[in-house]
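Enquirer: Per my numbering, numbering of the sequence shown is gapless, rising by one per residue and ending at 388. Input: one structure, supplied below.
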Amino acid sequence: MQATVLYGPGDVRFEEVNDPKIVEPTDAVIRIPATCVCGSDLWPYRGLQPIKGPTPMGHEYCGIVEEVGSAVRSVKPGQFVIGSFATSDNTCPHCLYGYQSSCVSREFMTRAQAPFLRVPNADGTLVARPGVPSDDMVPSLLTTSDVLGTGWFAADAANVKPGSTVVVVGDGAVGLLAVLSASQMGAERIIAMSRHEPRQKLAREFGATDVVTERGDEGVARIKDMTKGIGADSVLECVGTQESMMQAIQATRPGGFVSYVGVPHEVTLEGTQLFFSHVHLHGGPAPVRRYLPDLMDRVLSGKINLGKVFDLVLPLNRVAEGYRAMDERRAIKALLRP
Ligand SMILES: [Zn+2]
Ligand SMILES: [Zn+2]
C-alpha cells in the first residue's frame, strides 16, 4: 500500500510501504475510511522536533476491523472501532486508575495516515460500536481518537463543572474541542483566546461566550478584568509553549485549576512563581481511552457535531498539501480520505 512518510522539515511523501499485518497475537489490522493530520505532526514537520530518518506518520484513526490475532477477544472482523493515539491493555493499575496513556504496555501509534493500520493491544485499545456508521458521521467520530478526547481531558483535568468560568488557551482543533467539552460539562462562561477570525467563529459555535485576542501579559490582564480581578476557575492550556503555559497559570485564580495538554516544547516553570500562584496543575498525554465509549456514544446519538473542525478534506495521496495548509494556518485540521 501507499502511506505517509516524513523525511525531514517540510518533506512529506506518500509512498509505497509494507502492508500492515498481524505481528503479535494481540494485534488487529483495521481498514481506515478517514484519517487526519494533527497539530502535533507540525512539530517534526517544522523541524522543531528532530526525527531519526524517514518516519511513518499519523496517530488518529478509526476503521473497520479486517483481521485480528489469535489472542484478541473483544473485537472481531467487520466491526467499526476507534482507538487512542496511545495503546493500552486496559488492565494494569495505571489503566484501572483511568490513565491508559501511561499504561505499562503503552505504544504510541504512528502509521495511521494510511489506508490500513496495525493496532497493538487491540483488546484494551479499540472500542467497538454496533453497525457501521454512515460516511458523514465518520469525521465527527474520528475526532474522538485524539482531538476531542484530548480537549475533553483538558476540561476534566481542569475541574470544569456546571457554573465554572473557563479560559481556553489555544485555538487549534484541540483548543476548539476543549471549548466544546467545557460547554458540554456545563461551564457558565467560556473565554476562548484566539486572534484568528474563522477560529473565533467556530469557538463561539462550540460554546465560547467571549473571545480574547490579546496574548501574554495583556491577555492575562484582559482575563483579570473580565473576572473582577479574580482570575478563572479553570484554564485549559492547549498549545505547549512557555508563553501559553505562563498565560494559563497567571490567568487562573488562586485555588483554581490549570490543565495542559499541548506537548510542551522548551517549557520551564519557576518554583517560587508556581508556589505563590496557588494553582492545581494536571495534564499530560490525554487518557483518551477512558473517555472513548462515552464520547463515541455522544457523537453517535447526534448530541454533538464536531466534523466542522475539519475545514479541509483531501484524498489521502495529497497528504502533503494537508500538512502545508495547516502549517500556513490556512486550515484548522485536514481530513484525509484513502
Ligand atoms: Zn493528534
Ligand atoms: Zn495498562
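Quick reminder that beta carbons are idealized off the backbone N, C-alpha and C, glycines included.
Answer yes if the segment 315-333 comes into contact with the segment 145-153, meaning at least three C-beta pairs across the two stretches below 8 Å, and no otherwise.
Expert: Verdict: no, contact absent.
Enquirer: Where L364 and G352 are concerned, what is the direct C-alpha to C-alpha distance, given to the nearest angstrom?
Expert: Cα-Cα distance, rounded: 25 Å.
Enquirer: Please report how far the alpha carbon of V338 lies from the alpha carbon of P183, in whole angstroms.
Expert: Cα-Cα distance, rounded: 20 Å.
Enquirer: Apart from the five residues just before and just after Y429, which ones in its own chain have a Cβ nearer than 6 Å to its Cβ?
Expert: It is not possible to answer for residue 429, since the shown part of the chain is limited to 51 through 388.
Enquirer: In terms of DSSP beta bridges, what is G113 paired with?
Expert: DSSP, once it has assigned bridges, lists V131 as partnering G113.
Enquirer: Indicate the three-state DSSP secondary structure (helix, strand or coil) for A223 in the structure shown.
Expert: Residue state, collapsed to three classes: helix.
Enquirer: Can you tell me where the beta strand (DSSP E) holding T302 begins and where it ends?
Expert: Note, T302: beta strand (DSSP E), 302-310.
Enquirer: Spell out a yes or no on whether the segment 251-262 and the segment 230-241 are touching, meaning 3 or more CB-CB pairs, one atom from each, closer than 8 Å.
Expert: Verdict: yes, contact present.
Enquirer: Is V154 near ligand 2, with its Cβ less than 7 Å from a heavy atom?
Expert: V154 Cβ: within cutoff of ligand 2.
Enquirer: Which same chain residues, not among the five before or five after R168, have their C-beta less than 8 Å away from its C-beta?
Expert: Around R168: P70, K71, I72, V73, D77, A78, V79, R161.
Enquirer: Can you tell me which of the three DSSP states R96 falls into?
Expert: R96 falls in the coil class under three-state DSSP.
Enquirer: With a cut-off of 8 Å, do at least 3 Cβ pairs link the segment 368-377 to the segment 88-99?
Expert: Yes, since at least three Cβ pairs between the segment 368-377 and the segment 88-99 fall closer than 8 Å, the two stretches touch.
Enquirer: Give me the DSSP bridge partner(s) of Q52.
Expert: Beta-bridge pairing links Q52 to E66.
Enquirer: Give the DSSP bridge partners of T105, in chain order.
Expert: For T105, which the question treats as bridged, DSSP gives the partners L56.
Enquirer: To the nearest angstrom, report how far apart G133 and T193 are at their CA atoms.
Expert: Using only the alpha carbons, I get a separation of about 11 Å.
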